[in-house]
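Scroll down for the structure; my scribbles are underneath it.
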Amino acid sequence: MKYDTLKDPRIEKILHLIMEYAGGNLEAKVDAADQFDEIDGIIGGLNMLGEELKASMVSREFLENIIQSMFDGILVLGTDMMIQEMNPSMESLPGISKKDLVNSSVDLIFGEDQDFKNHLIHELSVTGAFRGKEYRYIYKNTEKYMFVSGFGIRNNYGKIKGYILSFHDITLQKQKEEELRISAVAFESNEGIIITDPETKIIRVNRTFQKITGYSSKDVVGKKPSFLSAGHHNADFYKVMWAEINRTRKWEGEVWNRRKNGDVYIELLSITAIKDDDGNVTQYVGIFNDITKRKEAEEEIRNLAFYDPLTGLPNRRLLMENFHHALSRSERTKYFGAVIFIDLDNFKKLNDTKGHEYGDMLLFEVAGRLSSCLREVDTVARLGGDEFVILIEELSKDENQSSEIISKLAEKIQMKLNQPYNLEGYSYFSSSSIGISLYRGHDKSVSELLKFADLAMYSAKESGRNAVRFFNPVMQNKAEKFSSLEVKLRNAVLLDQFILNYQVQVNGWGLPVGTEALIRWNSPELGMMMPDQFIPVAEKINLIIDLGQWVIDTACMQLERWSHDERMKDLTLSVNVSVKQFEASDFVSKLKSAVALNGINPSLLILEITEHCLVNNVSDVISKMDELRNFGIQLSIDDFGTGYSSLSYLKQLPINQIKIDKSFLNNIPSDLNNSMMIKAIVNLAKNLNLDVLAEGVETVDQQNFLRDIGCESYQGYLFSKPIPLSEYEQYIKMNLHSR
């Protein structure tokens, strides 16, 4: 019988029996022979084989035919462990060559694992059999897993003549085991896993699923995952989801579900359809993560990025984003919209008098009132401080009608904001200045429209506050001039383009007693600029502090130079101090440094402060005045009677002088009202032991009237206009001859 053509895996069982039979174990031979009776039905014609095996030892030819037909690799070794023969299956292994290995040591096969080889040879030598063990076969960069077994071939006398080694390739089995191991590990990963049958009934879930949802495996098996739904998604959502799964076998997205305890959570879910070779769905696998905390964190980050933390209103960033969308919608619909810029009047006063916590309470209340006036489509944002912007959409396609609608809304807002506020028991009244600009489409940019509304708001504030103004081109022209002047003014500071003019101050006999230093801007482009042309701009752009310090430094240097001139060393020098300059925290220290640096007599320097300095933080004002007075510097209230006059404050102020504003000198002595006002101021000054100086004196009649009522210091065109330094010094030399 020829068996070289037999390629049936069942031959392996026959070889196993042959190995047992030929191993010389009598008990094994009997068992093997009995088993051959059982395999008669496996392969036709093997009855004869069974009888032959029972009768005698296996013939060499029969054994060789079986070995050549085996799927497993077979090596035949001599007693010296040299390779004598191998079958085709062995030779087919990567890197194995019959030509290279026959008559070579078995070391070539097990060279990478000497421990395995030594154990195998020891077992074969001692017991005549190697019962089998896994072996990682690595030869010439090829890796496979083999199950190696072997036995000794004995002669009729039971002596071993050689050995047979069997190499069964278990690589695929190992791979499947590894895949199963990885799958098992993955199934119990930190992601929730749910497996359903083709009808989407749950057949298995992992522990993470149970941890996230609160449902045990027993709770959910047999149910459909839809029972977890929190009701957040409509039918269209699931329709689109399953359409995607049926088309691509995959879907990924965020799903809102409900835990067993009723809490809603958000999961990032991916669904995959598993199909067999025929394309039929066998399972659906869902893998998900609970992203509720991540979504909450994202929402918190978004709130920090897009919303004002104090009021909860959109901030500038979100306003700009909404504004761009609004312009695009307006471009499509041709509807007008509007931008409303709101600034709270005298907000700083509330912060300074009651503290910032009260200011914050007011801002929160204002935000609520503004929101209550608007539609859902509109946006109200806080830009910062006490500034709010409202973006209104879809007014009308007619500009006039749009203006009427927005005017009524502005009036409604103004009325709301004018109602009293209850700030933890403190009743507070506030008003607002409101500016409005209309828009339609992309005719103007977002920044331009905001600037227009801002300009209109400032126009409302300049008109006396608590007013509403629409933007118009005149405002734009004014703003452009302001912007141009701002640039030139900043450059003027860097290029030192400022000078001081001096206007003499005289006593009752007309003799000079001092002078007032008045700043001028000597612009190469604009010519000589008077203070009223650039000081308001300097105040708005916070350049006034630098300019004021320059005036003080220059005045101190001038006093030092005059101290060496016998005719001028006793003349006082007055300088104007702005509100912002006086309020600066380092104002006093800088002033003292300038006086000390130049080594001048501080009593010759007079600071002229307006009554507006008294409006905010009176205690701080008095404290600074006391420090300056103690240092020796004289203090004068400029333009007295035109601002925040209060006798209660005036008697607390450590001042030396009151200056009567020139507006009171108009038409005196014929104007009885002005005359009475001047008399009252002079009497007040005398009662408080203060010097009084009248500015703006232009006629002899005015001087005579002032002298008659007791005012004996004057300043005005009657004596001299403000003149450059050289002219002033010449004036002094000419008019102090009798001193």
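Position in the sequence shown (from 1) plus 183 gives the number in this note's numbering. In this text, a Cβ means the ideal position worked out from N, Cα and C, and glycines have one as well.
Less than 7 Å between C-beta atoms, sequence neighbours within five positions excluded: which residues of the same chain meet that for residue i?
i      : result
Lys644 : Asp526, Ser616
Glu221 : Its pLDDT being 41, under 50, Glu221 is placed unreliably by the model, and the measurement read from it follows with that caveat. There are no such residues.
Ile194 : Here Ile194 scores only 46 on pLDDT, less than 50, and its place in the model should not be relied on; the value that follows carries that caveat. Excluding positions up to five away in sequence, the list reads Ile249, Ser252, Met253.
Leu307 : Phe313, Gly333, Gly335, Tyr346
Lys834 : Leu871
Gly893 : Val865, Lys869
Arg812 : Leu818, Pro837
Leu189 : With a pLDDT of only 34 at Leu189, under the threshold of 50, the placement of this residue in the model should not be trusted; the figure read from the coordinates follows. Ser252, listed in sequence order.
Leu502 : Thr562, Ala564, Val572, Leu574
Asn849 : Asn857
Can you give me the Cβ contacts of residue i inside the same chain, cut-off strictly under 6 Å, excluding the 5 residues immediately before and after it?
i      : result
Phe847 : Asn857, Met860, Ile861
Tyr900 : Glu881
Glu427 : Trp434
Gly397 : Arg442, Lys443, Asn444
Tyr320 : Lys327, Met329
His351 : Asp255, Phe330
Ala550 : Thr494, Leu496
Arg432 : Ala456
Val213 : Bear in mind that the predicted position of Val213 carries a pLDDT of just 40, short of 50, making it unreliable; the figure below should be weighed with that in mind. If we look at Val213 and ignore the five residues flanking it on each side, it has no Cβ neighbours.
Tyr911 : Tyr685
Leu730 : Ala721
Met240 : Its pLDDT being 42, under 50, Met240 is placed unreliably by the model, and the measurement read from it follows with that caveat. None.
Look up residue i in the DSSP assignment and give the residues it is bridged to.
i      : result
Ser338 : It should be pointed out that residue 338 corresponds to Asn in this sequence rather than to Ser. Partner(s): none; Asn338 has no beta bridge.
Thr494 : None; Thr494 has no bridge partner.
Gly375 : Phe471
Gly345 : Gly261, Ile336
Leu452 : Gly436, Phe471
Asn759 : Glu791
Gly520 : Tyr622
Glu326 : Ile321
Ile617 : Ile525, Val651
Tyr897 : Val689, Ala877
His747 : Per DSSP, none; premise fails for His747.
Ile727 : DSSP lists no partner for Ile727.
Leu797 : In the DSSP output, where bridge partners are listed per residue, Leu797 has none listed.
Lys458 : Val464
Leaving out five residues on either side along the sequence, give the residues of the same chain with a beta carbon under 8 Å from the beta carbon of residue i.
i      : result
Glu559 : none
Asn781 : Cys739, Met740, Leu742, Glu743
Leu672 : Trp704, Phe717, Val720, Ala721, Ile724, Leu726
Ser555 : Lys599
Asp753 : Leu787
Arg500 : Ala488, Phe489
Leu683 : Ala700, Leu701, Ile702, Arg703, Val734, Thr737, Ala738, Gln741, Leu908
Asn286 : Met265, Ile266, Gln267
Gly206 : Bear in mind that a pLDDT of 41 at Gly206, under 50, signals an unreliable position, so the model cannot answer this.
Thr262 : Ile343, Lys344, Gly345, Tyr346
My guess is that residue i and residue j are in contact by the Cβ rule of under 8 Å, so how many angstroms apart are they, rounded?
i      : j      : result
Ile843 : Glu895 : No, Ile843 and Glu895 are not in contact; Cβ-Cβ is about 12 Å, not under 8 Å.
Val689 : Tyr897 : 6 Å
Ser646 : Ala636 : So it is not a contact: roughly 16 Å between Cβ atoms.
Val687 : Phe524 : Wrong, their Cβ atoms sit about 47 Å apart, outside the cutoff.
Glu450 : Arg512 : About 35 Å; that fails the 8 Å criterion.
Phe519 : Leu557 : Not quite, the Cβ-Cβ distance comes to about 16 Å (not below 8 Å), so this is no contact.
Pro905 : Tyr641 : Their Cβ separation, rounded to whole angstroms, is 30 Å, which puts Pro905 and Tyr641 out of contact at 8 Å.
Asp821 : Glu791 : 4 Å
Phe654 : Gly624 : Not confirmed; about 17 Å, so no contact.
**Q.** Start-end ranges of the beta strand (DSSP E) lying completely within the segment 842-892, minimum 3 residues
**A.** Fully enclosed beta strand (DSSP E) runs of 3 or longer: 874-878.
- Query: Counting Cβ pairs, one atom from each stretch, are 3 or more of them under 8 Å apart for the segment 723-741 and the segment 775-791?
  - Reply: Flag = yes, the segment 723-741 and the segment 775-791 touch.
Contact between the segment 489-496 and the segment 558-565 is defined here as three or more beta-carbon pairs at a separation below 8 Å; is this criterion met?
With contact defined as three or more Cβ pairs closer than 8 Å, the segment 489-496 and the segment 558-565 are in contact.
**Asked** Going along the chain, which unbroken runs of the beta strand (DSSP E) with 3 or more residues stay wholly within the segment 653-725?
**Response** Taking only runs of at least 3 residues, the beta strand (DSSP E) segments lying wholly in the segment 653-725 are 681-690, 695-706, 710-712.
| field | Cβ contact check for the segment 600-613 and the segment 533-548: 3 or more pairs under 8 Å | value | Result yes; three or more Cβ-Cβ pairs closer than 8 Å.
| task | Would you check if the segment 790-800 and the segment 702-709 touch, i.e. whether three or more CB-CB distances between them fall below 8 Å? | result | Flag = no, the segment 702-709 and the segment 790-800 do not touch.
Is there contact between the segment 259-269 and the segment 277-284, where contact requires at least three CB pairs shorter than 8 Å? Touching, yes.
Could you name each continuous alpha helix (DSSP H) segment of 4 residues or more that falls completely within the segment 234-317, going from the start of the chain to the end?
If we require 4 residues or more, the alpha helix (DSSP H) runs fully inside the segment 234-317 come out as 243-252, 271-274, 281-284, 290-293, 297-310.
* Should the segment 479-487 be regarded as contacting the segment 536-551, the criterion being three or more beta carbon pairs within less than 8 Å? -> Flag = no, the segment 479-487 and the segment 536-551 do not touch.
Below 8 Å, can you find three or more Cβ-Cβ pairs linking the segment 679-698 to the segment 903-916? Yes: the two stretches touch, three or more of their Cβ pairs being nearer than 8 Å.
query: Is the segment 586-593 close to the segment 455-475, with three or more CB pairs under 8 Å?
result: A contact between stretches requires three or more CB pairs, one per stretch, nearer than 8 Å, and the segment 586-593 fails this requirement with the segment 455-475.
**Asked** Hey, is the segment 370-384 in contact with the segment 350-362, meaning 3+ C-beta pairs nearer than 8 Å?
**Response** Too few Cβ pairs lie closer than 8 Å, so no.
- Item | Continuous beta strand (DSSP E) assignments of at least 3 residues falling wholly in the segment 556-613 | Counting whole runs of 3 or more residues, the segment 556-613 contains the beta strand (DSSP E) stretches 562-567, 570-575, 604-606, 609-611.
Note to self: I'd like the ranges of any beta strand (DSSP E) spanning at least 3 consecutive residues and lying wholly in the segment 381-421.
What the structure shows: Along the segment 381-421, the beta strand (DSSP E) occurs as fully enclosed runs of 3 or more residues at 385-388, listed in sequence order.
Any beta strand (DSSP E) of 3 or more consecutive residues that is wholly inside the segment 500-547: Here the runs fully enclosed are 520-527.
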